[in-house]
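Peer 1:
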Amino acid sequence: MSTCIFCAIVARAAEASIVHEDEHTLAFMDIRPFTPGHLLVVPKAHASGLADLDPEDGRRVFAVGQRVAAALRDGSVGRPGEPQDGPRADGVNFFLADGVAAGQEVFHVHLHVIPRAAGDGFGLRGRPTSPRRPDLDHLAGTIRRRLGA
Ligand code: 5GP
Ligand code: ZN
316 MSTCIFCAIV ARAAEASIVH EDEHTLAFMD IRPFTPGHLL VVPKAHASGL ADLDPEDGRR
376 VFAVGQRVAA ALRDGSVGRP GEPQDGPRAD GVNFFLADGV AAGQEVFHVH LHVIPRAAGD
436 GFGLRGRPTS PRRPDLDHLA GTIRRRLGA
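Just so we're aligned, residue 316 is where the sequence shown starts under my numbering, counting upward by one.
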C-alpha cells in the first residue's frame, strides 16, 4: 500500500512522533490533535476498515490503546522525584471511524486515543433519541439474525 500514509509511517518513510511500537502495532501523535496528547494506534498490517482487519490485530490495537490511556491518566509516569510533564488526562475517549459516513478520512484502521479534561471543548455532536422497547427489541432481533445467533 504505497499510497497509504499510515503504512508510510509504519515503514518510517514518513515522519511521525512515535509513542509505542511492537511487532504488530504502532502508536503515534495525531498531527491535528483535538486535545493535547491525542494520538493514534494502528495495526502495522494494512487494513482499510474493520471488515478487513484481522481480529487479532483489533485486540492488539485495543490493548495498546488501553496501555496508552493508562499512561495519559497516570500521574506517576515520570521518574520518582522528577516533576511531571506532558498531558495528564482526567478522562480518555476512544474513537474509531469506519467508513466515509462515519467520518473516516485515512483508510488504514486507526484507534484515536483522546485525552480529556473538563472544558476542553471536545465532544460528539448528536442527540440521543428515545425509541420504544418493541422497536429496540425488533432491531436487536434483526442484528442477532445477521450475527447468526
Ligand atoms: P479519521 O477521520 O480517518 O478517523 O482520522 C484521521 C486522523 O489522522 C486525523 O485525526 C488526522 O489528523 C490524522 N492524520 C492524517 N494524516 C496524518 C499524518 O500524516 N500523520 C499523522 N500523525 N496523523 C495524520
Ligand atoms: Zn496502510
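Glycine included, every Cβ here is placed at the ideal spot set by N, Cα and C.
Bear in mind the structure is a predicted one, so any value in this text is a computation, not a measurement.
Looking only at C-alpha atoms, which of T350, V421 and A328 sits nearest to T433?
Peer 2: As a first step, residue 433 must be located in the sequence shown, where it is residue number 118. It should be pointed out that residue 433 corresponds to Ala in this sequence rather than to Thr. Out of T350, V421 and A328, T350 has the C-alpha closest to the C-alpha of A433.
Peer 1: Looking at the structure shown, is F343 part of a helix, part of a strand, or coil, going by DSSP?
Peer 2: Numbered from 1 along the sequence shown, position 28 holds the residue referred to as residue 343. F343: strand per DSSP, three-state reduction.
Peer 1: Measuring only the C-alpha atoms, how far is A378 from R459?
Peer 2: The count along the sequence shown starts at 1 and reaches residue 378 at position 63. The count along the sequence shown starts at 1 and reaches residue 459 at position 144. The straight-line gap from Cα to Cα measures roughly 27 Å.
Peer 1: Considering only C-alpha positions, which residue in the set H339, L354 and Q381 is nearest to P370?
Peer 2: Taking the first residue of the sequence shown as position 1, residue 370 is located at position 55. The shortest C-alpha separation from P370 is found at H339.
Peer 1: Given a threshold of 16 other Cβ atoms within 10 Å of its Cβ, counted over all protein chains shown, does I324 qualify as buried or as exposed?
Peer 2: For the purposes of this step, residue 324 is identified with residue 9 of the sequence shown, where counting begins at 1. Counting Cβ neighbours within 10 Å, I324 comes out buried, since at least 16 surround it.
Peer 1: For A342 and G441, I'd like the C-alpha separation in whole angstroms.
Peer 2: Working through the sequence shown from its first residue, we reach residue 342 at position 27. Working through the sequence shown from its first residue, we reach residue 441 at position 126. A342 and G441: Cα-Cα distance of roughly 29 Å.
Peer 1: In its own chain, which residues sit with a C-beta less than 6 Å from the C-beta of R388, not counting the 5 before and 5 after it?
Peer 2: Against the sequence shown, residue 388 aligns to sequence position 73. Cβ within range, chain order: A404.
Peer 1: Cα separation between D367 and A326?
Peer 2: Looking up residue 367 in the sequence shown gives position 52. Looking up residue 326 in the sequence shown gives position 11. Looking at the two C-alpha atoms, the distance is approximately 20 Å.
Peer 1: Would you say the beta carbon of G425 is closer than 7 Å to some non-hydrogen atom of the ligand ZN?
Peer 2: Position 110 of the sequence shown, counted from the first residue, corresponds to residue 425. It should be pointed out that residue 425 corresponds to His in this sequence rather than to Gly. Checking every heavy atom of the ligand ZN against the Cβ of H425, none is found closer than 7 Å.
Peer 1: So, at 6 Å on beta carbons, what are the nonlocal neighbours of G364 in its own chain, with the 5 sequence-adjacent residues on each side left out?
Peer 2: As a first step, residue 364 must be located in the sequence shown, where it is residue number 49. Cβ within range, chain order: D413.
Peer 1: With C-beta atoms as the reference, is V421 less than 8 Å away from V383?
Peer 2: Translated into positions along the sequence shown, residue 421 becomes position 106. Translated into positions along the sequence shown, residue 383 becomes position 68. Between V421 and V383, the gap from beta carbon to beta carbon reaches 8 Å or more.
Peer 1: What residue range is occupied by the uninterrupted alpha helix (DSSP H) comprising V376?
Peer 2: The count along the sequence shown starts at 1 and reaches residue 376 at position 61. Unbroken alpha helix (DSSP H) run through V376: P370 to R388.
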